[in-house]
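Below is one structure, written out as structure tokens; the observations come after it.
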Amino acid sequence: MQKAILVSYLTDKKNNLEELNDLLSQGWKVVSQSSMGGGGMNTVHSLVILEK
């Protein structure tokens, strides 16, 4: 089974890294990662494909 999530990082307090870390702790593994253009205001986005 695969899952795709969009990881966004603006600041230490405004990001969804906890979502990615939760999935990794549940046994999901990163299959691929592709950086994407920023969303303005120095936001960084990355498309992460996970597999379990």
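The working numbering puts the first residue of the sequence shown at 376, with every later residue one more than the last.
Heads up, the beta-carbon is just placed ideally off N, CA and C, and yes, glycines get one too.
For residue i, three-class secondary structure by DSSP
i    : result
N391 : coil
L398 : helix
M411 : strand
L385 : coil
K378 : strand
K404 : strand
Alpha-carbon spacing of residue i relative to residue j, whole angstroms
i    : j    : result
N390 : Q377 : 22 Å
L399 : G412 : 24 Å
K388 : L422 : 20 Å
Cutoff 8 Å; reference residue i; Cβ partners in own chain excluding five residues on either side
i    : result
N396 : none
Rounded Cβ spacing between residue i and residue j (contact assumed at less than 8 Å)
i    : j    : result
L392 : V382 : 7 Å
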